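Engineer:
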Amino acid sequence: MAKQESHSEAGSIASDLIHFLNTSPTAFHAVDEAKKRLINVGYVQISEREDWKLEPGKRYFFTRNHSTIVAFAIGKKYVAGNGFYVVGAHTDSPCIKLKPVSKVTKGGYLEVGVQPYGGGLWHTWFDRDLTVAGRVIVREEKDGSVSFSHRLVRIQEPIMRVPTLAIHLDRNVNSDGFKVNTQSHLIPILATSIKAELNKAVAENGSIRNETDGKKSTFSTKHHLLLLEMIASQIGCKPDDICDFELQACDTQPSIIGGAAQEFIFSGRLDNLCMSFCSLKALIDATSSESNLEDESGVRMVALFDHEEVGSDSAQGAGSPVMLDALSRITSSFNSDSKLLQKAIQRSFLVSADMAHALHPNYMDKHEENHQPKMHGGLVIKHNANQRYATNSVTSFLFGEIASMHNLPVQEFVVRNDVPCGSTIGPILASGVGIRTVDVGAPQLSMHSIREMCAVDDVKYSYEHFKAFFQEFSHLDAKITVDM
Ligand SMILES: [Zn+2]
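Each residue of the sequence shown is one higher than the one before, starting from 65 at the first, in my numbering.
1) Short of 8 Å in beta carbon distance, which residues of its chain neighbour K524, apart from the five on each side in sequence? Order them along the chain.
2) Which residues neighbour ligand 1 when neighbourhood means a C-beta less than 6 Å away from any of its non-hydrogen atoms? List them by chain order.
3) Does the beta-carbon distance from A153 to N450 come in below 8 Å?
4) Taking the alpha carbon of F190 as the point to measure from, which residue in K117, S213 and C159 has its own alpha carbon closest?
5) R113: buried (16+ other C-beta within 10 angstroms of its C-beta) or exposed?
6) Give me the Cβ distance between T351 and R123, rounded to the nearest whole Å; I'm assuming they're in contact under 8 Å.
7) Would you mind listing the beta strand (DSSP E) stretches within the region 313-339 that are 3+ residues and don't spill past its ends, in chain order?
8) When the distance is taken between beta carbons, is Y173 closer than 8 Å to I295?
9) By Cβ distance, which residues of its chain are closer than 6 Å to E516, with the 5 residues on each side in sequence left out?
10) Taking V134 as the reference, give the member of F398, L347, C301 and V143 with the closest Cα.
11) Inspect the beta-carbon positions of S416 and T501 and report whether they are closer than 8 Å.
12) With 16 as the cutoff for other CB atoms within 10 Å, does D308 come out buried or exposed?
13) Which residue wins for smallest C-alpha separation from N129, given the options H431, G381 and S457?
14) Drop a sphere of 10 angstroms on the beta-carbon of S340, count the other beta-carbons inside from all chains shown, and report buried for 16 or more, exposed for fewer.
15) Do the CB positions of G558 and I514 come within less than 8 Å of each other?
16) What's the gap between the Cα of D429 and the Cα of H435?
17) In three-state terms, what does DSSP make of A197?
18) Kindly indicate which residue of A197, I110, I492 and V150 has the alpha-carbon position closest to the one of E310.
19) Would the beta-carbon of Q475 fall within 8 Å of that of G505?
20) Return the chain-ordered list of same chain residues with a C-beta closer than 6 Å to the C-beta of E358, the five sequence neighbours on each side being excluded.
21) If we ignore side chains and look at the alpha-carbon of each, how far apart do N448 and M548 end up?
22) Helix, strand or coil: which one does DSSP assign to D377?
23) How is the beta strand (DSSP E) around E516 delimited, first residue to last?
24) Quick check on DSSP: helix, strand or coil for G278?
25) Does the count of Cβ pairs from the region 482-491 and the region 284-303 closer than 8 Å reach three?
26) With H, G and I counted as helix, E and B as strand and the rest as coil, what does DSSP make of Y124?
27) Roughly how many angstroms separate the alpha carbons of C342 and F283, rounded to a whole number?
28) In whole angstroms, give me the CA-to-CA distance for E261 and E175.
29) Kindly list the residues whose CB is nearer than 7 Å to the CB of S70, restricted to its own chain and excluding five residues on each side of it in sequence; keep chain order.
30) Our contact map puts G121 next to I110 with C-beta atoms below 8 Å; I'd like the distance itself, whole angstroms only.
31) Apart from the five residues just before and just after S271, which ones in its own chain have a Cβ nearer than 6 Å to its Cβ?
32) When you compare only the Cα positions, how much space is there between T182 and D207?
33) Identify every residue that forms a DSSP beta bridge with D308.
34) Write down every uninterrupted run of the alpha helix (DSSP H) in the region 211-240 whose length is 4 residues or greater and which is fully enclosed by it, in chain order.
35) With DSSP collapsed to three states, give me the class of A350.
36) Cutting at 8 Å between CB atoms, please list the residues of its own chain near P222, excluding the five before and the five after it.
Here it is, written out as structure tokens:
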């Protein structure tokens, strides 16, 4: 008998997260889904290429490279120089991306050449039912004039797989460890050459396409025709009209709620689509009606960045001027006095939200004894004396105070002194912008695996904590003085 589905509030927020995850196989798709949700509730899209005419009490968003998105709602009492209350997260996750020339033919197989992106647990990509998704630049011809469109693509079916080597040919793998050479071992198989040939013959007979015709583009020689045809049919164009693409391999197994007590979320990309989702939903719900912004003197903002997993240094990563540009343009669209930006930054606050490590029951010694984040224990405030996390006592107090006002649990984390510490966009934005920052995240297991897990209740706690931050930060901040 099917398990009774939980209709609790935590369950419904988790189901919404599951939907967000299942529609977001790549950073491009995550931004697309965020964009749809914002437009649905009346946020207005603006472009960084145009002048901004903003008004208090109104809500806006912009995207950069369609892989980073910044959404904000301006309080009705806002004047230039007032603070920004920001939750920042990231849209990207470790994965394998197609090489510029992905066509590999070896041992009677058609394979897809890929390069690793970020610090993935690559062994988890073996024996998974994979597909491809990403963005494609498509050539379009209308009334004799040519233009190029930016389209998202995702093939639903499992079209490729990286098989592990049988134990019989690798007897010591369990004792010596599974070592992955990402250049030679991590190459998905797309088809056998023999079936691909037959497939091509069928396509030619049906005159879908003829590989030997004179119009073949150079791009189409770099990738297997079989793959290009699948992408073209998804988009509704001819393979020759595909001018370029950025595609990645992704798992076809959908995200799902699991565990005997229906308390876990099993999914890829929880790091960091879970925090992206919670912050976005919190912003939307904390700015859903006119009255929400009536009493607000600051700007409530969510910024979801690409490229965190590779260090954030790109035109749209947290290392770029995107955050500073946003704060500066919003401030100056109300008053052109350039000194107001510095004042605004000192009145602002950033919650850098990125998933945290829950205590693993089978590797307890990997955690510091007094800092063992638990599932359902609420957001984890991350500390590091060497500034791998940007939290300090002021920012941790302010963020923790919001939790205690709302009866929400929080927990603390510091890495063991003999284990290297990870980092986030927190220190990058704290040092690049000069904004007070707290580093937080919901606890999870299997971070950077193709299939991770977190807890249903923590999704609800994170969402509520972020929502309360948006609703109350300007009042709370007025009660603490540090630099006077
Ligand atoms: Zn992360």
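Yeah, the Cβ is synthetic: ideal placement off N, Cα and C, and Gly gets one too. Note that the coordinates shown come from a computational prediction; the quantities given were computed from them, not determined experimentally.
Structural biologist: According to the structure data:
1) Cβ contact annotation for K524 (same chain, cutoff 8 Å, sequence separation greater than five): E73, A74, I77 and A78, in chain order.
2) The set, ordered by position in the chain, is H154, D335, N336, E372, D418 and M419.
3) In this structure, A153 sits away from N450, with a CB-CB distance that is not shorter than 8 Å.
4) For F190, the closest alpha carbon among the candidates K117, S213 and C159 is that of C159.
5) Exposed, by the Cβ-count rule.
6) Contact flag correct, Cβ pair sits at about 6 Å.
7) Entirely contained in the region 313-339, the beta strand (DSSP E) runs reaching 3 residues are, in chain order, 320-322 and 328-331.
8) No, the pair does not count as a contact, with Cβ atoms beyond the cut-off.
9) Sequence-distant partners of E516 (beyond 5 residues in either direction) whose C-beta falls short of 6 Å from its own C-beta, in its chain, are L334, Q508 and S510.
10) With distances taken between Cα atoms, V134 lies closest to L347.
11) Contact flag set, yes.
12) It is exposed - the Cβ of D308 has fewer than 16 other Cβ atoms within 10 Å.
13) Answer by Cα proximity: G381.
14) Taking every protein chain shown into account, the CB of S340 has 16 or more other CB atoms within 10 angstroms, so this residue is buried.
15) Nothing about residue 558 can be read from this structure; the chain reaches only from 65 to 548.
16) In this structure, the CA atom of D429 is about 11 Å from the CA atom of H435.
17) Assigned with DSSP and collapsed to three states, A197 falls in strand.
18) Closest option to E310, Cα to Cα, is A197.
19) No, these two residues do not count as a Cβ contact at 8 Å.
20) Non-local C-beta neighbours of E358 in its own chain, meaning closer than 6 Å and more than five positions away in sequence, comprise K140, ordered along the chain.
21) Pairing N448 with M548, the inter-Cα distance amounts to about 26 Å.
22) Coil, per DSSP.
23) For E516, the enclosing beta strand (DSSP E) starts and ends at E516 to A519.
24) Below a pLDDT of 50, predicted positions are generally treated as unreliable, and G278, at 44, falls in that range; no measurement from the model is reported.
25) Result no; under three Cβ-Cβ pairs closer than 8 Å.
26) Three-state result, Y124: strand.
27) Spanning the alpha carbons of C342 and F283 requires a straight line of approximately 39 Å.
28) C-alpha of E261 to C-alpha of E175: approximately 14 Å in a straight line.
29) Note that S70 scores a pLDDT of 40, beneath 50, so its modelled location is shaky; the value from the coordinates is reported in the next line. For S70, the CB contacts under 7 Å within the same chain, skipping 5 residues up- and downstream, are Q326 in chain order.
30) Cβ-Cβ separation between G121 and I110: approximately 16 Å, too far for a contact (criterion under 8 Å).
31) The pLDDT assigned to S271 is 42, lower than 50, so where the model puts this residue is not dependable; a value taken from the coordinates is nonetheless given after this. There are no such residues.
32) It should be pointed out that residue 182 corresponds to Gly in this sequence rather than to Thr. For G182 and D207, the distance between alpha carbons rounds to 43 Å.
33) Answer by DSSP bridge pairing, in chain order: I201.
34) You should have 237-240.
35) Three-state DSSP puts A350 in a helix.
36) Counting only residues of its own chain and dropping the five nearest sequence neighbours on each side, P222 has a CB closer than 8 Å to the CB of D193, L194, T195 and T316.
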